[in-house]
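Participant:
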Amino acid sequence: MTDNRDLPVLYLVIPCYNEEEVLPETTKRLTEKMIGMIRSEFIHADSRILFVDDGSRDQTWALIEEYSEAIPFVDGVKLAHNRGHQNALLAGLMTAMPLCDCAISMDADLQDDTDAIDRFVEKYKEGCDVVYGVRNKRDTDTVFKRTTAEGFYKFMKVLGVDVVFNHADYRLMSRRALEGLSEYKEVNLFLRGIVPLIGYRSDYVYYDRAERFAGESKYPLRKMLSFAFDGISSFSVKPLKMISNLGILISVLSIFGLLYALISHICGVTVAGWTAIVCSIWLLGGLQMLCLGVVGAYIGKIYSEVKQRPRYLIETHLKKKDEE
Ligand code: UDP
Ligand code: MG
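In terms of the numbering used here, the sequence shown is numbered consecutively and its last residue is 480.
1. Rounded to a whole number of angstroms, what is the C-alpha to C-alpha distance between residue 424 and residue 412?
2. Can you name, in chain order, every residue of its own chain whose Cβ lies under 7 Å from the Cβ of residue 480, other than the five neighbours on each side?
3. Tell me which residues share the same chain as residue 414 and place their Cβ nearer than 8 Å to its Cβ, disregarding the 5 neighbours each side in the sequence.
4. Is residue 185 close to the ligand MG? I mean its beta-carbon at under 7 Å from any heavy atom of the ligand.
5. Name the DSSP bridge partner or partners of residue 207?
6. Going straight from the alpha carbon of residue 183 to that of residue 458, what length do you get?
7. Anything with a beta carbon under 7 Å from a heavy atom of the ligand MG counts; list them all in chain order.
8. Which same chain residues, not among the five before or five after residue 262, have their C-beta less than 7 Å away from its C-beta?
9. Less than 7 Å between the CB of residue 238 and some heavy atom of the ligand UDP, yes or no?
10. Across which residues does DSSP place residue 259 in a beta bridge pair?
11. Excluding the 5 residues flanking residue 318 on each side, which residues of the same chain have their C-beta closer than 6 Å to its C-beta?
12. Counting only the same chain and skipping the five closest in sequence on each side, list residues whose C-beta sits under 7 Å from that of residue 179.
13. Pick from 306, 279, 284: whose alpha carbon is nearest that of residue 292?
14. Taking the alpha carbon of residue 398 as the reference point, which residue from 426, 222, 418, 314 has its own alpha carbon closest?
15. Residue range of the alpha helix (DSSP H) that residue 248 falls in?
16. For residue 340, does the count of other Cβ atoms within 10 angstroms reach 16, so buried, or fall short, so exposed?
17. Between which two residues does the alpha helix (DSSP H) carrying residue 393 extend?
18. Any idea which residues DSSP pairs residue 363 with across the strands?
19. Closest by CA to residue 270, which one among 202, 431, 187?
20. Which partner residues of residue 286 appear in the DSSP bridge assignment?
21. Excluding the 5 residues flanking residue 448 on each side, which residues of the same chain have their C-beta closer than 6 Å to its C-beta?
22. For residue 289, count neighbouring C-beta atoms within 10 Å of its own C-beta (all shown protein chains included) and say buried if the count is 16 or more, exposed if not.
23. Looking at the strands, I want to know which residues DSSP matches up with residue 323.
24. Among 427, 355, 372, 342, whose alpha-carbon lies nearest the alpha-carbon of residue 462?
25. Using beta carbons (cut-off 8 Å, strictly below), is residue 408 in contact with chain C?
26. Please state whether DSSP places residue 339 in a helix, a strand or coil.
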């Protein structure tokens, strides 16, 4: 099937984990939005809202089932376990892939502005394959969340990971971008890092992020930290290089330590045995760190091989035969 850019089949993919408090309102707003877009022939009538229940323990799945019976374009997927936001999102996107022309991922809690959906689709119609939703400002976040989140984006840049500043997971992907994504087989998913690697034409849509409509954040600090660490360790082997550099630094310093210890020894201001101990501590410490770094370098290589990421995705093929 070729891309249908004029009247695309749009899937809204929404991961939900214990979201019974927000789901009624979310469904109401999104349903209105979908009806509007379908009536005005902005999107195809086969478009759907796809809820992904990430192993919720409350009434979330019951609600999804109820809505999907009552509303023709509401669909649901249930995961067997709570696998976390990123995996739930991927499950939804992969389910939507063969059925849609483009899919927008968004949170269930109405923090992502539903009015921005039109702008995403417009960019898609203009020929973009990936459209990133970027937050205008972060004044709905606590100071703590804001500083840690912005610090995280900056730190990722320093480590050489290509992430879009202030973009979370509110984004549109075309079907071929989704097919690209499906080639990334890694287990430690950090979609924000992977999507820019896919390439294709992309653009941004700016929106104001609202407050969570109801309920509590499903991302407590513990999950946030582990998400951040996953993001870094899945995309950068720089921490391993840092160990090598630290080893080199300590080895060089140990030479000065050695000189100092020898001079002290010659001047006779030391206790017997001190020189030998101090010298060996410094030198061995540095060498150990250096060796760890070398081992780390190889682990880094294994790590990138094991991931078996696709080495390229072909964007256009001028004389491609249909059935190739
Ligand atoms: N979520 C999920 N599985 C989880 C945690 C969260 O599917 O294990 C979903 C959640 O239902 C919501 C989205 O991920 O739709 C973002 O979570 P939340 O709004 O709690 O995060 P925050 O906005 O506070 O960062
Ligand atoms: Mg939220």
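C-beta atoms are modelled at their ideal positions from N, C-alpha and C, and glycine is treated no differently. Computed from a predicted structure; not experimentally measured.
Facilitator: Answer, in terms of the structure:
1. Residue mapping note: residue 424 aligns to position 268 of the sequence shown, counting from 1. Residue mapping note: residue 412 aligns to position 256 of the sequence shown, counting from 1. Near 18 Å, if we compare the C-alpha coordinates of residue 412 and residue 424.
2. Sequence index remark: in the sequence shown, residue 480 carries index 324 (1-based). Note that residue 480 has pLDDT 47, beneath the 50 cutoff, so the model's placement of it is unreliable and the number below is only indicative. Same-chain partners within the cutoff: there are none.
3. Within the sequence shown, the letter at position 258 stands for residue 414. Only 435, 438, 439 meet the Cβ criterion.
4. Your numbering for residue 185 matches position 29 in the sequence shown. Residue 185 Cβ: outside cutoff for every heavy atom of the ligand MG.
5. Residue 207 sits at position 51 when you count from the first residue of the sequence shown. Paired residue(s): 170, 232.
6. If you number the sequence shown from 1, residue 183 lands on position 27. If you number the sequence shown from 1, residue 458 lands on position 302. Going from the Cα of residue 183 to the Cα of residue 458 covers about 45 Å.
7. 263, 265, 267, 368, 373
8. Here the question's residue 262 lines up with position 106 in the sequence shown. Counting only Cβ-Cβ distances below 7 Å, and skipping sequence neighbours, we find 168, 170, 268, 326.
9. Indexing the sequence shown from 1 puts residue 238 at position 82. Residue 238 Cβ: within cutoff of the ligand UDP.
10. For the purposes of this step, residue 259 is identified with residue 103 of the sequence shown, where counting begins at 1. In the DSSP output, where bridge partners are listed per residue, residue 259 has 167, 329.
11. Reading the sequence shown from its first residue, position 162 is the one you call residue 318. Within the same chain, residue 318 has close Cβ partners 352.
12. As a working note, residue 179 is residue 23 in the sequence shown. If we look at residue 179 and ignore the five residues flanking it on each side, its Cβ neighbours are 172, 216, 219, 264.
13. For the purposes of this step, residue 292 is identified with residue 136 of the sequence shown, where counting begins at 1. Cα-wise, what sits closest to residue 292 is 306.
14. The residue you call residue 398 lines up with position 242 of the sequence shown. Minimum Cα distance to residue 398 is reached at 314.
15. Translated into the one-based positions of the sequence shown, residue 248 becomes position 92. That run of the alpha helix (DSSP H) goes 241-252.
16. Here residue 340 refers to the residue found at position 184 of the sequence shown. Buried is the call here.
17. If you number the sequence shown from 1, residue 393 lands on position 237. Taken as a continuous stretch (DSSP letters only), residue 393 belongs to no alpha helix (DSSP H), as it is neither H nor E.
18. Translated into positions along the sequence shown, residue 363 becomes position 207. Looking at the DSSP assignment, residue 363 forms a beta bridge with 291.
19. Residue 270 sits at position 114 when you count from the first residue of the sequence shown. Ranking the options by Cα distance to residue 270, first place goes to 187.
20. Counting from 1 along the sequence shown, the entry for residue 286 is found at position 130. Paired residue(s): 329, 358.
21. In the sequence shown, counting from the first residue as 1, residue 448 sits at position 292. Hits under 6 Å: 399.
22. By one-based count along the sequence shown, residue 289 stands at place 133. Buried: at least 16 other Cβ atoms inside 10 Å.
23. Position 167 of the sequence shown, counted from the first residue, corresponds to residue 323. Within the DSSP secondary-structure output, residue 323 pairs in a beta bridge with 290.
24. Start at 1 with the first residue of the sequence shown, and residue 462 comes out as number 306. Minimum Cα distance to residue 462 is reached at 342.
25. Chain labels in this structure do not include chain C; a single protein chain is all it has.
26. Stepping through the sequence shown from its first residue, residue 339 is reached at position 183. In this structure, residue 339 counts as coil in the three-state DSSP scheme.
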